[in-house]
Amino acid sequence: MVPCITGQRSDEIATKKNIERTRRFLGKPSTRPSQIWNRIRDCDGKEADWCLDRTSTRQEWITDQPPEWRLLEEDLEYLSNPEVRAPLEQRRRLQIGGVLPDGSHLSWASGTFYLDGVRISVPFRGLNKILNSKIDLSGIAWKKILYSISLSLKRFNGFEGGPLTEKSSLIHPVHLMIFGTVRHNHWAAMRGWRSGRIRDIPQDAVRDTKWMRRWDTWIDENRELARASEHDSVTVPHTLFISKAGRLQLRVRRDHGWRKLEVGSHPLTWAKVVTWALSPPDHSQRQRLTCIQQCVFADPESPMIGPDDKKGIALLRSVVESSDRAEMVLEMKSIKVIGTSGLGYFVTPGSGGHGTRFSVWPRTSDRDSEHSRREDQNTIRGRSQVPPICIVEKYELKRLVVGDAVASVVMALLDDMSSSRSIDTLRTHISRSTRKDEARRNPEIAEMNEARWFRRRLRDNGVADRVRRYTESFPLLWGALLRLPLGERMRFQAIRGNEPNISFDGCQTEFRTRNMVERRVVYRMLEESGWIRDRVEEETRGEQRIYIRTGTGDRDLGEGVREVGQLLEPELMVDDRIRLIQRQLWTYFERQNPGPSALLPGMDREIA
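All the letters of the sequence shown, read from the start, carry residue numbers 131 to 738 under the working numbering.
This is the structure:
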C-alpha cells in the first residue's frame with residue numbers, strides 16, 4: 131500500500147538517518163523553496179562540474195548566423211497553449227530558432243523542440259528566464275544540460291505496468307538508453323517501440339557527464355543487472371517534470387501532500403538536480419535526491435503516511451486476515467480473493483482504469499502450479515491478453531482513503547455473487563467464466579460456441595461479405611423488383627455512407643448500393659423488370675431518381691439475368707484469376723418472371 135499512497139516503494143522511503151544527514155548537508159534550511167534551491171546551488175560537491183566547458187568552440191556559418199535564442203512574451207504564451215494557432219510569422223521565427231551561448235542551435239517545429247537536430251523536451255520558460263538574467267553564462271555546456279534534462283523526463287513503467295501516473299515506478303531511463311529492451315513478446319515489442327525516443331539522445335554527447343561516469347562504474351559492479359532483460363529491476367520514483375507552461379519541476383512532499391515545485395532557475399541548480407536524478411538507483415546522491423523530495427520541503431514532524439491512511443491499511447489487513455479466501459501475494463504486490471462463485475481475483479493497489487486507485491484482475495487458473503502463477507503474474511503486469519475487470523470508484527468510494535477503498539473492493543469480491551447484482555462488469559465476467567466452464571465439461575457446448583464464433587468471424591470477413599452480398603442480397607432485391615405491383619414507386623438516392631439509398635412507397639424494402647458498379651447493376655435490373663423514371667413525380671417531390679413500375683418485363687428473364695451477372699462477376703474475382711464462387715453468378719437470380727405477387731420472406735425489410 132505504501133507505493134499507492136506515497137508514490138515511493140517501501141525500500142525507497144528515506145530513513146531518519148539519511149534525512150538528518152541531508153538536512154545537515156544543506157545547512158538545515160527552512161521549508162521555503164527559494165532557500166532550498168539556493169542551498170542546493172551553493173552546496174559542496176563537484177557533481178555539476180561537467181556542465182562547465184571552458185574550451186572555446188570556433189564556428190563558421192555558411193549562411194547568415196541565426197540570432198541568439200530568446201522567446202518573446204507572445205512566444206511563451208503560444209508554447210504554453212499550442213492548441214491556439216499562432217500567426218505564420220511567429221511560427222516561422224520559432225522554427226528558425228536561435229543559438230545558445232555554447233553555440234548549439236535550438237529550434238521548435240510542430241510542437242517539438244530540436245537541439246542540433248535531436249528531438250528533446252525543453253523547460254523553455256525557465257531556460258528563457260536564465261538567458262535573460264545577469265548570470266554569467268560563459269562556459270555553460272547547454273547541450274549536455276538540455277540532453278540530460280530531456281532524458282530524465284522519459285517515463286516507462288516498471289514492474290506494475292498499467293496506467294502511467296505520478297505514483298508509478300519507472301524504469302531508469304539511463305538503463306533503457308544503454309541497454310534498450312528485449313522484444314520477446316508483443317508487450318516488450320510495444321515498449322521497445324515507445325522507448326525508441328530515449329535512444330534519440332546521442333550517448334557521445336553525454337559521455338563525459340558525471341552521471342554517465344557513475345553508470346560506467348555501476349555496470350562494472352552489477353553485471354547481473356547490466357542487461358536489457360533486467361530493466362524491471364532497475365526502477366526509480368518520479369522526479370522531474372516539465373509543466374505545460376515550460377517550467378522545470380521537481381515532485382516533492384509538502385505539509386499537505388505531494389506537489390510539483392519549480393526548480394530554481396540557475397544552470398548549476400539544474401545540473402546538480404539532474405545529475406542526482408540520473409545517477410544509478412543505489413547511488414548515495416540518488417538517495418539524497420529522494421530525501422530532498424520526501425522530507426526537506428515538508429515540516430520535519432509531518433509523517434509520510436497520515437493517520438487516516440494508517441487506519442485504512444489496518445482495516446484492509448483485518449479484512450484479509452479474517453477470511454480464509456483472501457491472502458496477500460507479496461511477489462505480485464496483490465491480494466488474492468476467491469469469491470462465492472468459486473472464481474479467483476487479484477486486487478492490485480495502484481492506479482487503474484478510469485482514475486481508480488486499484489485494479490482487479492481475473493485469476494487465470496484454479497490450479498496452483500508454477501505455470502499458472504507465471505500466467506497470473508503476466509496478467510497483473512498487463513502482459514497478457516486478459517483485460518482487467520473494470521470496477522469504477524463511485525463518489526462514495528472516492529471519499530475514502532485508499533486503504534478503505536481497497537478493503538471495500540476485497541469484501542465485495544469475497545461475496546461476488548451478491549456484488550454482481552450491482553456491478554455489471556463483474557456479472558458479465560462471472561457469466562462468461564461460467565459458460566467457459568460449461569464448455570469444458572460438455573463438448574457439444576464447446577462446438578456450439580465455436581460455430582457461433584466462426585459465424586461472427588464470417589460476418590466481419592470482407593471476402594465472405596462480398597460473396598453473401600452478390601449471391602444473396604442482390605437476388606433478394608431482384609425478386610422484390612419482380613413482385614412489387616404496377617404503379618409502385620421507388621426512390622433511388624445518391625450513395626449515403628452506410629444508410630440505405632433505395633426505398634419504396636408501399637413496402638419496407640430498403641437497400642444500399644456501395645459503388646457505381648452496383649448502381650449500374652440496379653439500373654439494369656430496373657430496366658429488365660419494367661420500371662421507368664417518373665419525372666413528373668420527381669418535379670412534384672423535388673427529388674431525383676424516382677421510378678414507377680409500368681410493366682412486368684419478359685416472361686423469360688434469362689438474357690437479362692446473364693447481363694446482370696456479367697456486370698457483377700469482376701467483383702467476385704481476386705487477383706484477376708481466382709473466382710470466389712464455383713457456380714455462375716447468374717444462376718443465383720430468378721429467371722422465370724413471377725409477376726406481381728406477395729413478397730417472399732426476407733424481402734419486406736432492409737436487405738443488407
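Even for Gly, the Cβ is constructed at its ideal location relative to N, Cα and C.
Just so we're clear, the structure is a prediction, and the values are computed from it rather than from any experiment.
Strand pairing of residue i, partner residues [DSSP]
i: glutamate 277; result: Inspection of the sequence shows that residue 277 is occupied by tyrosine rather than by glutamate. Note: tyrosine 277 sits in no beta bridge, so no partner.
i: valine 477; result: Ile465, Val490
i: tryptophan 238; result: Phe243
i: methionine 458; result: Ile465
i: tyrosine 677; result: Met620, Arg663
i: valine 382; result: Arg389
i: methionine 703; result: Arg709
i: serine 633; result: Arg621, Glu640
i: glutamate 602; result: DSSP, once it has assigned bridges, lists no residue as partnering glutamate 602.
i: glutamate 736; result: Glu640
i: valine 743; result: The displayed coordinates of the chain run from 131 to 738. Any statement about residue 743 would go beyond what the structure contains.
i: glycine 228; result: Leu236
i: phenylalanine 371; result: Gln379
i: arginine 626; result: Glu629
i: isoleucine 762; result: For residue 762 there is no data in the structure shown, the boundaries of the chain being 131 and 738.
i: glutamate 574; result: Glutamate 574 is not bridged to any residue.
Short Cβ contact (9 Å threshold) for residue i with residue j
i: leucine 281; j: leucine 257; result: no
i: serine 489; j: isoleucine 468; result: no
i: leucine 473; j: histidine 396; result: no
i: tryptophan 238; j: glycine 247; result: no
i: glutamate 354; j: glutamate 360; result: yes
i: isoleucine 308; j: isoleucine 250; result: no
i: lysine 402; j: phenylalanine 371; result: no
i: serine 210; j: lysine 273; result: no
i: valine 522; j: threonine 478; result: no
i: threonine 643; j: alanine 610; result: no
i: glutamate 198; j: valine 229; result: yes
i: glutamate 720; j: leucine 588; result: no
i: arginine 171; j: glycine 394; result: yes
i: serine 299; j: threonine 365; result: yes
i: proline 212; j: glycine 241; result: yes
i: valine 694; j: arginine 654; result: yes
Classification of residue i by the beta-carbon crowding that lies within 10 angstroms, buried from 16 upward
i: aspartate 546; result: buried
i: phenylalanine 634; result: buried
i: asparagine 631; result: buried
i: glutamine 417; result: buried
i: lysine 340; result: buried
i: leucine 544; result: buried
i: glycine 725; result: exposed
i: lysine 524; result: exposed
i: histidine 130; result: Given a span of 131 to 738 for the chain in the structure shown, any question on residue 130 remains unanswerable.
i: valine 593; result: exposed
i: valine 540; result: buried
i: serine 452; result: exposed
i: histidine 305; result: buried
i: glycine 326; result: Confidence in glycine 326 is poor, its pLDDT being 48 and thus under 50, which makes the residue's placement unreliable; the coordinate value appears in the next sentence. Glycine 326 should be labelled exposed.
i: alanine 738; result: exposed
i: aspartate 439; result: buried
Distance between beta carbons of residue j and residue i, contact taken as under 8 Å
i: proline 605; j: tyrosine 718; result: 5 Å
i: arginine 679; j: leucine 730; result: Arginine 679 to leucine 730, Cβ: 17 Å. No contact.
i: leucine 710; j: valine 704; result: 7 Å
i: methionine 458; j: valine 449; result: Contact flag wrong, Cβ pair sits at about 11 Å.
i: cysteine 181; j: isoleucine 270; result: 6 Å
C-alpha gap between residue i and residue j, whole angstroms
i: glutamate 500; j: valine 214; result: 55 Å
i: glycine 291; j: proline 367; result: Confidence at glycine 291 is low in this model, with a pLDDT of 48, below 50, so its placement is unreliable and no value can be given for it.
i: glutamate 392; j: leucine 380; result: 6 Å
i: arginine 383; j: glutamate 142; result: 14 Å
i: cysteine 637; j: lysine 466; result: 59 Å
i: alanine 358; j: phenylalanine 286; result: 14 Å
i: tryptophan 491; j: arginine 570; result: 22 Å
i: arginine 585; j: asparagine 628; result: 22 Å
i: proline 410; j: arginine 557; result: 46 Å
i: arginine 621; j: arginine 675; result: 6 Å
i: phenylalanine 289; j: methionine 646; result: Low per-residue confidence applies at phenylalanine 289: pLDDT is 46, beneath 50, and the placement is therefore not dependable enough to give any value.
i: methionine 131; j: isoleucine 443; result: 7 Å
i: lysine 284; j: glutamate 577; result: 49 Å
i: glycine 376; j: lysine 259; result: 11 Å
i: alanine 428; j: leucine 446; result: 28 Å
i: valine 252; j: leucine 156; result: 28 Å
i: glutamate 461; j: phenylalanine 476; result: 12 Å
i: alanine 581; j: alanine 407; result: 57 Å
i: asparagine 579; j: arginine 551; result: 25 Å
Residue-level contact to chain B via CB, residue i, 9 Å cutoff
i: tryptophan 583; result: This model lacks chain B altogether, as it is built from one protein chain only.
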